[in-house]
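> Here the sequence shown stands for residues 1053 to 1161, where the numbers follow my numbering. Each residue gets a CB set at the ideal place from its N, CA and C atoms; glycine is no exception. Computed from a predicted structure; not experimentally measured. Take a look at the following structure, please.
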Amino acid sequence: MSELKPCPFCGSPAIAVDDDGLTFVRCQPGSGCKGTGLISFWQTENSDTAIAAWNTRALPADQVLVPRALLEDIEMTWRIFDKNSKPFNELGEQKIRDGLSKLRALLQR
1053 MSELKPCPFC
1063 GSPAIAVDDD
1073 GLTFVRCQPG
1083 SGCKGTGLIS
1093 FWQTENSDTA
1103 IAAWNTRALP
1113 ADQVLVPRAL
1123 LEDIEMTWRI
1133 FDKNSKPFNE
1143 LGEQKIRDGL
1153 SKLRALLQR
């Protein structure tokens, strides 16, 4: 069975439910989540298909997708930032500022 991601609405763990030969995915019972929608959209005879449909839903409104390479570049620059080396200090600081500007632009979309 494929990895089952948490609910994108409430963050609770999800479960795949097999019912009469069909599989659907929903939040754990008792989560109180009202955002799972119509479960019939995820009903299928194949549990991997139901899980794939569940896992590809939109991100929650309070989250954004950020390119991993951008975050790794900022992190690497930050880690090797040497305050004792003036030429690198200015270059490193500028690279970090540029990366953070790109992140801010992504967050404002």
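Can you check which of these residues, T1075, R1149 and L1123, is closest to A1104 by C-alpha distance?
The residue with the shortest Cα to Cα distance from A1104 is T1075.
> So, at 8 Å on beta carbons, what are the nonlocal neighbours of P1058 in its own chain, with the 5 sequence-adjacent residues on each side left out?
These residues qualify, in order along the chain: S1064, P1065 and A1066.
> How far does the alpha helix (DSSP H) with T1101 in it reach, from first residue to last?
Per DSSP, T1101 belongs to the alpha helix (DSSP H) from S1099 to N1107.
> Thinking L1152 and I1126 are a contact (beta carbons under 8 Å), I'd like their distance in whole angstroms, please.
Yes, they are in contact, since the Cβ atoms of L1152 and I1126 sit about 7 Å apart, within 8 Å.
> Per DSSP, which residues does I1067 bridge with? Please list them.
Bridge partners of I1067: R1078.
> Determine the DSSP secondary structure at E1124, reduced to helix, strand or coil.
E1124 falls in the helix class under three-state DSSP.
> Report, in whole angstroms, the separation of the C-beta atoms of L1117 and L1123, which I expect to be a contact under 8 Å.
Actually they are not in contact, since the Cβ atoms of L1117 and L1123 sit about 11 Å apart, beyond 8 Å.
> Of all the options L1155, R1156, G1073 and A1102, which has the alpha carbon lying nearest to the alpha carbon of E1055?
Considering only alpha carbons, the answer is A1102.
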